[in-house]
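This report concerns only the one structure given below.
In my numbering, the protein residues as written are 7 to 757.
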């Protein structure tokens with residue numbers, strides 16, 4: 007068992023001893039509930055709690071084999087770790103709500119140890135407790151600078167290694183190394199061709215247009231003029247041909263790299279847990295998948311090649327300039343230190359400004375996505391003006407961020423270019439003096455200035471590289487943040503394949519909360535037989551849907567375990583588990599496609615006959631064939647072109663075609679008229695036959711056929727029994743709910 011150190015690290019004095027520490031964590035409350043520091047140290051045979059870092063004598067010291075059970079308890083504003091020994095439960099330590107998950111895992115580890123020792127003692131096959139893994143949700147601060155990280159993010163902007171980010175970006179080019187090699191060869195060839203025209207300028211000036219020391223015959227000068235112009239034309243044609251060929255390869259390379267990045271990012275998103283999406287706006291995710299990947303494409307393909315071309319051009323022209331006249335070349339380099347200093351000063355400023363820009367751009371995308379997705383609600387409440395105001399506010403925030411970045415750059419670049427341009431003025435002055443003094447020819451000065459103009463072009467580009475790189479790194483951070491996000495619900499490496507489930511479901515001591523300190527389910531126990539129908543009833547927020555979410559393993563329990571066919575669902579491959587669970591939700595989601603495609607979504611490639619059979623079983627066939635395009639009818643985005651009842655029956659048909667072993671019905675008949683409800687109920691009767699079913703409903707009459715009803719109250723099972731048994735208990739929660747339902751359902755005629 008590897009020691010898991012939680013910051014601050016435990017003192018060595020607490021870890022010393024004959025048995026190495028397997029767990030060493032800090033609790034931030036004292037037994038009386040005040041803030042303090044206690045240390046829990048668990049070895050192979052002892053459970054100890056030290057009252058401080060410097061204490062050598064533990065406050066609690068018990069043998070592990072004397073512990074019969076361990077659990078956590080939520081108190082007012084804090085939690086407690088409880089140990090049961092010899093039938094007596096005692097409080098071992100207290101902690102703040104921020105450490106709820108950590109100590110819940112420790113309690114689970116201790117319970118697993120109790121079971122392990124019991125199995126060994128009774129001669130059964132025993133499995134050692136798994137190592138306590140560090141919870142990704144707890145690591146909210148950067149381990150280096152302690153900066154608070156964004157929810158679900160492990161990227162610290164302050165400690166980001168920009169060099170590593172760039173190298174990571176370059177890895178996307180690895181599969182296309184042949185194309186990259188060709189582009190590099192073309193760059194060298196294009197650079198060589200581009201250096202020819204200025205070189206021909208010197209003989210054009212000195213031997214044709216303004217010959218010094220006596221002019222050649224006019225015919226010879228005209229012949230040389232023609233040859234030089236042909237040479238210039240040839241160099242131009244060669245340079246442009248190479249440029250066209252290189253750019254075509256670059257474009258093809260760019261779209262492929264962009265495709266690879268989008269697919270990788272989207273694929274990774276598909277495997278992230280629900281909690282990731284619940285804490286991030288859809289618009290922000292869309293921006294990263296589309297806009298940020300396009301920005302990276304431009305950098306990887308277009309930006310890098312231009313960067314390399316300009317670097318090579320600078321080096322090549324620098325060598326030529328030194329060879330022509332090293333004194334004038336030194337004059338050119340006079341402004342360079344000033345340029346580098348200014349670039350360094352502006353770099354961090356520009357980077358932070360573009361980071362803000364992308365943040366507000368994502369927020370604006372999320373605003374638009376929310377308004378369009380909820381356009382019916384907006385219009386129903388006549389909130390168009392408010393949405394316009396909200397959009398204007400977010401757009402104005404983007405405007406300020408964009409303006410700050412662009413204005414900063416607009417100020418920086420002219421200042422930078424001014425210092426760069428002073429080199430050319432110095433060359434004209436000192437070069438002109440040399441021409442007048444007869445040290446160099448006019449052709450040499452003109453050629454030098456031509457090369458200098460080519461030198462300043464790349465230098466101008468490199469002066470903008472800070473801005474270009476800032477945008478690229480910001481986009482890269484946002485993309486890699488998602489790629490580095492790990493699913494909260496992880497599939498274990500030794501997860502078993504179960505191609506066919508039977509359908510028995512067990513919940514053992516299940517405790518869960520969406521937030522670690524807000525427990526929704528408390529020590530829930532339930533054993534559901536294969537093929538049994540369980541009805542879940544209770545007030546809103548009682549925990550009914552949470553039970554469903556845990557069975558589907560959208561989340562993992564804080565404590566306890568859920569077993570299907572006797573196997574912990576954490577040990578089952580997620581694909582095998584979810585592929586055998588069918589879900590019909592209250593808020594049915596249909597994809598923007600045809601009715602047939604939506605039904606067949608559960609089983610891609612299903613024959614049309616199977617789709618029609620499923621639709622008939624779901625009482626959906628009649629209304630489908632009455633539509634103009636039948637099964638080819640487009641349902642529109644989110645199924646808006648069909649009614650709520652039709653969407654529900656299409657969803658049931660999808661579940662029937664899926665043919666799951668475990669069926670989940672979450673308010674499947676809510677918000678529909680009586681006739682539609684009757685048709686849906688008939689379809690559900692066919693659907694639940696032979697399947698383990700969990701049905702949630704507020705209309706208690708829809709659960710008459712359930713084998714057992716569970717009344718969930720405040721995260722616990724308040725009552726359990728058949729419909730008749732629970733109605734017979736007049737003082738029970740179910741009977742009170744049924745009476746309230748009858749009162750609400752009664753119609754009072756007003757005349």
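Where is the CB? At the ideal position from N, CA and C, for every residue including glycine. Since we're looking at a predicted model, the values are computed, not measured.
Hey, residue i and residue j: beta-carbon distance below 9 Å or not?
i: residue 690; j: residue 590; result: yes
i: residue 601; j: residue 620; result: no
i: residue 239; j: residue 199; result: no
i: residue 323; j: residue 457; result: yes
i: residue 364; j: residue 293; result: yes
i: residue 316; j: residue 450; result: no
i: residue 626; j: residue 655; result: yes
i: residue 275; j: residue 296; result: no
i: residue 652; j: residue 629; result: yes
i: residue 411; j: residue 298; result: no
i: residue 414; j: residue 356; result: yes
i: residue 714; j: residue 728; result: yes
i: residue 227; j: residue 452; result: no
i: residue 55; j: residue 66; result: yes
i: residue 42; j: residue 61; result: no
i: residue 376; j: residue 288; result: yes
i: residue 639; j: residue 647; result: yes
Determine the DSSP secondary structure at residue i, reduced to helix, strand or coil.
i: residue 7; result: In this predicted model, residue 7 has a pLDDT of only 36, less than 50, meaning its place in the structure is not dependable; the value taken from the coordinates is given anyway. Residue state, collapsed to three classes: coil.
i: residue 130; result: coil
i: residue 532; result: strand
i: residue 639; result: coil
i: residue 665; result: coil
i: residue 141; result: With a pLDDT of only 44 at residue 141, under 50, the local geometry of the prediction cannot be trusted, and no value is derived from it.
i: residue 515; result: strand
i: residue 462; result: helix
i: residue 110; result: helix
i: residue 225; result: helix
i: residue 521; result: strand
i: residue 718; result: strand
i: residue 595; result: coil
i: residue 495; result: coil
i: residue 75; result: strand
i: residue 624; result: coil
i: residue 157; result: Caution applies to residue 157, whose pLDDT of 48 falls short of 50 and renders its modelled position unreliable; the model cannot decide the point.
i: residue 502; result: strand
i: residue 51; result: coil
Quick one: give me the first and last residue of the beta strand (DSSP E) that residue i is part of.
i: residue 540; result: 539-543
i: residue 67; result: 66-69
i: residue 396; result: Looking at the DSSP string, residue 396 is not in any beta strand (DSSP E); the run it does join, the alpha helix (DSSP H), is 390-442.
i: residue 699; result: 698-702
Please go through the same chain and pick out, in chain order, the residues whose beta-carbon is closer than 7 Å to the beta-carbon of residue i, but skip the five residues on each side of it.
i: residue 644; result: 595 and 596
i: residue 616; result: 663
i: residue 738; result: 725 and 732
Would you kindly report the start and end of the unbroken alpha helix (DSSP H) that includes residue i?
i: residue 329; result: 310-330
i: residue 552; result: 550-557
i: residue 734; result: 729-734
Answer with yes or no whether the minimum CB distance from residue i to chain B is below 9 Å.
i: residue 435; result: Reference to chain B is not applicable here, since this structure consists of a single protein chain.
Excluding the 5 residues flanking residue i on each side, which residues of the same chain have their C-beta closer than 6 Å to its C-beta?
i: residue 723; result: 716
i: residue 77; result: 88 and 113
i: residue 670; result: 554, 589 and 700
i: residue 667; result: 507, 509 and 586
i: residue 549; result: 526, 527, 718 and 721
i: residue 407; result: 362, 363 and 366
i: residue 36; result: 42
i: residue 743; result: none
Report all residues from its chain with a CB closer than 8 Å to the CB of residue i; omit the five preceding and five following residues, and keep chain order.
i: residue 255; result: 185, 188, 189 and 192
i: residue 91; result: 68, 72, 73 and 74
i: residue 485; result: 267, 271, 294, 298, 299 and 302
i: residue 175; result: 302, 305, 306, 478 and 482
i: residue 839; result: Past the boundaries of the shown model lies residue 839; the chain is included only from 7 to 757, so the question cannot be answered.
i: residue 390; result: 384
Original post:
Should the stretch 453-469 be called in touch with the stretch 249-269, which here means at least 3 C-beta pairs below 8 Å?
Top reply: Segments in contact, no.
Original post:
Are there three or more Cβ pairs, one per stretch, closer than 8 Å when the stretch 122-131 is compared with the stretch 98-106?
Top reply: Look at the beta carbons and you see the stretch 122-131 not touching the stretch 98-106: under three pairs across the two are nearer than 8 Å.
**OP:** Please confirm if the stretch 517-537 is in contact with the stretch 611-626, defined as three or more CB-CB distances below 8 Å between the two stretches.
**Re:** With the cut-off at 8 Å, the stretch 517-537 and the stretch 611-626 do not touch.
Original post:
Is the stretch 575-584 close to the stretch 488-504, with three or more CB pairs under 8 Å?
Top reply: Contact holds: three or more Cβ-Cβ distances are below 8 Å.
Original post:
Between the stretch 558-573 and the stretch 512-523, are three or more C-beta pairs nearer than 8 Å?
Top reply: Note that the stretch 558-573 touches the stretch 512-523; at least 3 beta-carbon pairs, one per stretch, sit closer than 8 Å.
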